[in-house]
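A.B. asks: Numbering (our numbering), first residue to last: 74 to 410. Ideal Cβ placement from N, Cα and C applies to all residues, glycine included. Predicted model, so just to flag it, every value in this text is computed and none were measured. I'd like to ask you about the structure that follows.
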């Protein structure tokens, strides 16, 4: 259902490595979105190719940033997108920590990992900050969680659960502090087995635990909506964006999305029960210049996260920021965001 004002955005990501969240060469994922129309995107791409003499294949972020004119081109690109783009940065390791908290301490939900579940953030932050000092036992704990919830396990369920709690106990012996201990103590074997059983029976009410794109999409929609307008998304093809998952995400946003906006009470806010996600269309990025711009922005932001303006960042898993940092000013961004 479409109600009132609608903004159309195009999105793409960079750094996605499937369920390989721990052993990837890219420690972060960026999800970029722009509200350009096709003609604007074509004009921007044409200007990059002609004004800065980039060949078509050079508009991938790696080649773009290695080119001789990259500095000037990057400043021009970001200036051209001022007020027209957002980037969300996902730290893969911290994402895993939020999934441990979201799935194993409470009821799994499509709201998890977004601003719609802020009560879970302190626990994740405490565990992440304390756990990183534990070295290899920290990595082993995260790896045990990945093995626990992945679709294809190497070991039977009972052995996988046992190994997860062995890794939990090894981590606790490091003296991680009261806040982190409270998280680890809250991991109950019966609840963990129940969650694993739901995953094994393909309970679709449970979001995919190792898939960061869905909470990133939710944050993107909430950012552009602001509680006042619906968002129509055009996205590059992604296997995670199934019709069933999008329907469930749309319902969660309808139940909670407008209430998350600080100024929803103002005149012009979305009516209660109306999802800020109006719909999503999947395209091949080669056929849509808007998605190509989002792809370039996502790739540049992943390789140079300091271009992301810190001022509008919200949350700690996914950071919400305008891409249009003024030319020559690339403020630092927190390493965990």
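Just to confirm my understanding: we take residue 79, look at its own chain, exclude 5 residues before and 5 after, and list those with CB closer than 8 Å. What are they?
C.D. replies: Excluding sequence positions up to five before and after residue 79, its CB lies within less than 8 Å of the CB of 302, 303, 304, 305, 351, all in the same chain and listed in chain order.
A.B. asks: Would the segment 124–141 count as touching the segment 364–376 if we require 3 or more Cβ pairs under 8 Å?
C.D. replies: Contact between the segment 124–141 and the segment 364–376 is present, with at least three C-beta pairs closer than 8 Å.
A.B. asks: Going by CA-CA distance only, name the one from 250, 210, 228, 246 that's closest to residue 198.
C.D. replies: Comparing Cα-Cα distances from residue 198 to each of 250, 210, 228, 246, the minimum goes to 250.
A.B. asks: By DSSP's criteria, residue 307 is part of a beta bridge. Which residues make up the other side?
C.D. replies: The partner list for residue 307 (beta bridge, DSSP) reads 83, 354.
A.B. asks: Counting only runs that start and end within the segment 156–188, where is the beta strand (DSSP E) found for 3 or more residues in a row?
C.D. replies: 158–164
A.B. asks: Look at residue 279 and residue 266 and say whether their C-beta atoms are less than 8 Å apart.
C.D. replies: no
A.B. asks: Measuring CB atoms only, is the segment 140–149 touching the segment 191–205, in the sense that at least three cross pairs come out at less than 8 Å?
C.D. replies: no
A.B. asks: Taking contact to mean 3 or more Cβ pairs, one atom from each stretch, closer than 8 Å, check whether the segment 200–219 and the segment 161–178 are in contact.
C.D. replies: yes
A.B. asks: Check whether the segment 97–104 and the segment 162–171 touch, using three or more Cβ-Cβ pairs below 8 Å as the test.
C.D. replies: yes
A.B. asks: Using a 10 Å radius around the Cβ and a threshold of 16 neighbouring Cβ atoms, would you call residue 320 buried or exposed?
C.D. replies: exposed
A.B. asks: If you measure between the beta carbons of residue 287 and residue 244, is that distance less than 8 Å?
C.D. replies: no
A.B. asks: If we call anything under 8 Å between Cβ atoms a contact, is residue 83 one with residue 363?
C.D. replies: yes
A.B. asks: Could you compute how far the alpha carbon of residue 342 sits from the alpha carbon of residue 155?
C.D. replies: 25 Å
A.B. asks: Which residue's Cα is closest to the Cα of residue 218: 283, 248, 295, 209?
C.D. replies: 283
A.B. asks: With a CB to CB cut of under 8 Å and the five nearest residues on each side skipped, what residues in its chain are close to residue 317?
C.D. replies: Closer than 8 Å at the Cβ level, and outside the excluded window around residue 317, lie 277.
A.B. asks: Output needed for residue 111: all residues of its chain with C-beta closer than 8 Å, excluding positions within five of it in sequence on either side, in chain order.
C.D. replies: So the qualifying residues of the chain are 361, 362, 363.
A.B. asks: Out of 259, 213, 310, which one is the CA nearest neighbour of residue 239?
C.D. replies: 213
A.B. asks: Please report the distance separating the alpha-carbon of residue 261 from that of residue 179.
C.D. replies: 10 Å
A.B. asks: Give the range of the beta strand (DSSP E) segment to which residue 102 is assigned.
C.D. replies: 101–107
A.B. asks: For residue 150, which three-state DSSP category applies?
C.D. replies: helix
A.B. asks: Please identify the residue among 228, 204, 273, 269 whose C-alpha is closest to the C-alpha of residue 242.
C.D. replies: Minimum Cα distance to residue 242 is reached at 204.
A.B. asks: Straight-line CA distance for residue 188 to residue 222?
C.D. replies: 23 Å
A.B. asks: Should residue 308 go down as buried or exposed, given a rule of 16 or more other Cβ atoms within 10 Å for buried?
C.D. replies: buried
A.B. asks: Using the C-alpha atoms, what's the distance from residue 97 back to residue 91?
C.D. replies: Note on geometry: alpha-carbon atoms of residue 91 and residue 97 lie some 10 Å from one another.
A.B. asks: Quick one: which unbroken alpha helix (DSSP H) runs of 4-plus residues sit fully inside the segment 219–261? Chain order, please.
C.D. replies: 230–245, 251–258
A.B. asks: Examine chain C for any beta-carbon lying closer than 8 Å to the beta-carbon of residue 211, and answer yes or no.
C.D. replies: Among the chains in the structure shown there is no chain C, since it carries only a single protein chain.
A.B. asks: Buried or exposed: where does residue 368 fall if 16 or more other Cβ atoms within 10 Å of its Cβ makes it buried?
C.D. replies: buried
A.B. asks: Mark residue 292 as exposed unless 16 or more other C-beta atoms lie within 10 angstroms of its C-beta, in which case mark it buried.
C.D. replies: buried
A.B. asks: Once DSSP output is grouped into helix, strand and coil, what is the label at residue 133?
C.D. replies: coil
A.B. asks: Beta-carbon within less than 6 Å of residue 210's beta-carbon, same chain only, minus the 5 sequence neighbours each way: which residues are those?
C.D. replies: 243, 244
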